[in-house]
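Using our numbering, you'd call the opening residue of the sequence shown number 94 and step up by one each time.
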Amino acid sequence: MTQNLAEPINPTGITLTDLAHRLGAQYEGPDLRVTSVTSASDTAAAGSLFVALPGKKTHGAEFASHAAASGAIAALTDEAGAERTREAGLATIIHPAPREVMGQAASAVYDTTPGSPKLIAVTGTNGKTTTTYLLQALFNAMGIKSGLSGTVERRVGAQGVETRQSGRLTTPEADYLHGLVARMREDAVEAAAVEVSAQAITHHRIDGLRFDVAIFTNLSQDHLDDYGTLDNYFNAKLPLFSPAHSARGVTVIDDEWGQKLAREATVPMTTVSTKANTAADWQLTTQELDLEHTALELTHRDGRSFKATVNQPGWFVALDMALSVVALTDLGYDLEKIAEALGTQRELDAPLPGRLELVNPEGNGPRVYVDYGHTPASFRAVLTTLRGFTKGRLFMVFGADGDRDATKRPDMARSAALADVVVVTDYNPRFEDPAAIRATLMQTLREEFPDVESYEIADSAEGIDKAVSLANAEDIIFVGGHGHRKDVEVQGKLIPYSVKDASREALQRHGFRVE
Ligand SMILES: CC(=O)N[C@H]1[C@@H](OP(=O)(O)OP(=O)(O)OC[C@H]2O[C@@H](n3ccc(=O)[nH]c3=O)[C@H](O)[C@@H]2O)O[C@H](CO)[C@@H](O)[C@@H]1O[C@H](C)C(=O)N[C@@H](C)C(=O)N[C@H](CCC(=O)O)C(=O)O
Ligand SMILES: Nc1ncnc2c1ncn2[C@@H]1O[C@H](COP(=O)(O)OP(=O)(O)OP(=O)(O)O)[C@@H](O)[C@H]1O
């Protein structure tokens, strides 16, 4: 049997009477002890509390008998779900807003307490995954057992945790997150980095956890389908920087969003700036050395300083690294000890799956990079970095998400036009017409950038093949969007597809050596 690493082996558990009392909820029934919590019926197990949530698509109570068959003994739900959960034989606690108290319930069952492990939240439009991996690499270098929760995976120390339904989310639901944190504590994890999306804050996924420090990387256009305006999107992130969720925060203050956060946060904030005349706590200078290395120097207003090199391309990686180091010092780790842990070369080797990943590092032919970033700002960041190191032509192959923020599409095309040759393909159409998505991208390119060589090729693998067919060894091809993903979503179905495999196959087809 696969061991579920996202739950403690010896959970404390709680009786239903105690739990109902803590939640201020109604309960009359047997005083059973629940030892796990889940809001997804397919992960219910013996002794589970099934939190049956009303959703957009369905009501979790529809799956109560499924949860009961898997061993769930109790339910937490609203009035609308109670009849179904009782019919399924589950002792039922009723609360008018079960999603709002799920974090509290999970915290009670798993006995999650602040500080054990130390938790670092990372939020921002771009850079969450990068920053959490940099933090993990720093902890590894320092010999500290760490944990990680993010878009790509969840880890407890060196072990990868099996993901489940909510594993497709950047930030899992509160039931899962509390189980994971409790398991980390049981496995003596000292500190963990957790990606926190705006949706996670809005939908109570981080409730009941208190972060020791929260990092804000940046804010740019994304998720306007959920939030309408950038102001609303910012306001969705702001509560992370309040005592309910975090003890303190770290932010860059180079732009108006970081400055606004530093002003409006209600916890102490440590500030970082790359601008010499900005009154920040830490000044950062970065230098893009080559496509394998980026150097940074951080200087505190009290004179302390830190120098390092990261084995990744891009000023933004240096920025994410700076935020990570500052967060560690705010957690109480000594700056000199962090530097010493990087050895005499002061170099951090941080593997970033699907983030500016070179698909054929040992082979020949054009360099092909894949990157999960799917925003105008992330495209711009990557292309400006790659441009500096491109001897020949710079290619971009990309598409835009279906059923997600349609307003960012023209700006994605504008960013893509920083390349010399652009190939527009399908990406992740979900339930949208992919041809219409491509049409919007092509229209921007044709109308605003008539001099940029552009192609429309529906199939992503064929689009990559086209770029490889036109490129030579001096050129760089950037495939934006898919990154680490191994599937695309079309009409509700997940179709296996990897841009890394597609790129390697295209290189091979065109006679290049692939190792
Ligand atoms: C708006 C939002 O956050 N929606 C999430 C929410 O959906 P929902 O409330 O409508 O739930 P539903 O699908 O109707 O199901 C209701 C309940 O029945 C349960 N159920 C359902 C089916 C079943 O067989 N058994 C079962 O128990 C579900 O687990 C759920 O508790 O609960 C679902 C279960 O956890 C999530 O999958 C779903 O995320 C949707 C798919 C989503 O796409 N969310 C995006 C917008 C999101 O949250 N993205 C962020 C940011 C990513 C980024 O930075 O780019 C993220 O953190 O991932
Ligand atoms: N600090 C930054 N500023 C701007 N762009 C960045 C920054 N850090 C990373 N990026 C760019 O954004 C891309 C996506 O980064 P990353 O996957 O870390 O973001 P994310 O916030 O985790 O996004 P998602 O939640 O969608 O996975 C990177 O590969 C890089 O191109």
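C-beta atoms are modelled at their ideal positions from N, C-alpha and C, and glycine is treated no differently.
Give the DSSP-derived three-state secondary structure of residue i in the structure shown.
| i | result |
| --- | --- |
| Gly-573 | strand |
| Lys-559 | helix |
| Met-505 | helix |
| Val-419 | helix |
| Tyr-520 | coil |
| Asp-526 | coil |
| Ser-339 | strand |
| Gly-106 | coil |
| Arg-597 | helix |
| Glu-193 | helix |
| Val-607 | coil |
| Lys-579 | coil |
| Gln-380 | strand |
| Leu-144 | The displayed chain sequence assigns Val, not Leu, to residue 144. In this structure, Val-144 counts as strand in the three-state DSSP scheme. |
| Leu-231 | helix |
| Val-461 | strand |
| Ile-431 | helix |
| Thr-131 | strand |
| Leu-270 | helix |
| Glu-440 | strand |
| Phe-542 | coil |
| Leu-323 | helix |
| Ser-259 | Reliability of the predicted coordinates at Ser-259 is poor, the pLDDT of 38 falling under 50, and no value is obtained from them. |
| Arg-602 | helix |
| Leu-445 | coil |
| Thr-136 | helix |
| Asn-219 | coil |
| Ile-294 | helix |
| Tyr-203 | helix |
Kindly give me the distance between the Cβ atoms of residue i and residue j, rounded to whole angstroms, as I take these residues to be in contact under 8 Å.
| i | j | result |
| --- | --- | --- |
| Val-360 | Ala-373 | In fact, because the Cβ distance is near 17 Å, the residues do not count as touching under 8 Å. |
| Glu-549 | Val-517 | 5 Å |
| Gly-556 | Asp-464 | Actually they are not in contact, since the Cβ atoms of Gly-556 and Asp-464 sit about 15 Å apart, beyond 8 Å. |
| Ala-566 | Gly-458 | 6 Å |
| Arg-507 | Thr-537 | 6 Å |
Got a sec? Which residues, its chain only, sit under 6 Å from residue i by beta carbon, not counting five neighbours each side?
| i | result |
| --- | --- |
| Met-235 | Ala-434 |
| Ser-134 | Phe-156, His-159, Ala-160 |
| Leu-317 | Asp-498, Thr-500 |
| Ala-201 | Ile-107, Leu-112, Arg-115 |
| Thr-263 | Thr-244, Glu-288, Ser-290 |
| Val-274 | Thr-205 |
For residue i, is the beta carbon positioned less than 8 Å from some heavy atom of ligand 4?
| i | result |
| --- | --- |
| Arg-261 | This structure lacks ligand 4; its bound ligands are ligand 1 and ligand 2. |
For residue i, which beta-bridge partners are listed by DSSP?
| i | result |
| --- | --- |
| Trp-408 | Beta-bridge pairing links Trp-408 to no other residue. |
| Gly-625 | What the structure shows of the chain is the stretch from 94 to 608, and residue 625 is not part of that stretch, so it cannot be assessed. |
| Ala-286 | Ile-213, Leu-241 |
| Trp-375 | Val-365, His-393 |
| Arg-126 | Thr-108 |
| Ala-401 | Leu-389 |
| Thr-170 | Ala-145, Ile-187 |
| Ser-547 | Val-515 |
| Glu-450 | Val-463 |
| Thr-344 | Phe-309, Thr-364 |
| Pro-589 | Asp-580 |
| His-152 | Pro-147 |
| Gln-119 | Ile-187 |
| Leu-487 | Ile-569 |
| Phe-304 | Ser-339 |
If you drop the 5 nearest sequence neighbours on each side, which residues of the same chain put their C-beta closer than 8 Å to that of residue i?
| i | result |
| --- | --- |
| Asn-311 | Gly-217, Thr-218, Asn-219, Gly-220, Val-345, Asp-348, Trp-350, Gly-351, Ala-470 |
| Lys-368 | Asp-347 |
| Asn-233 | Ser-239 |
| Ala-49 | A query on residue 49 cannot be resolved here, the shown segment of the chain reaching from 94 to 608 and no further. |
| Asp-413 | Gly-220, Thr-223, Thr-224, Leu-227, Thr-310 |
| Arg-602 | Asp-558, Val-561 |
| Ser-335 | Ala-358, Thr-359, Val-360 |
Near residue i, what residues of its chain come up, given a Cβ to Cβ distance below 7 Å and the 5 sequence neighbours on each side ignored?
| i | result |
| --- | --- |
| Ala-184 | Leu-109, Gly-122, Pro-123, Leu-125, Ile-166, Ala-167 |
| Asp-580 | Leu-587, Ile-588, Pro-589, Tyr-590 |
| Ala-138 | Ser-129, Ser-163, Gly-164 |
| Ser-259 | With a pLDDT of 38 at Ser-259, under the threshold of 50, the modelled position of this residue cannot be trusted; read the value that follows with caution. Excluding positions up to five away in sequence, the list reads Ala-133, Pro-265, Glu-266, Tyr-269. |
| Tyr-120 | Leu-109, Thr-110, Ala-113, Ile-186 |
| Asp-383 | Phe-482 |
| Asn-521 | Asp-494, Gly-495, Val-581, Glu-582 |
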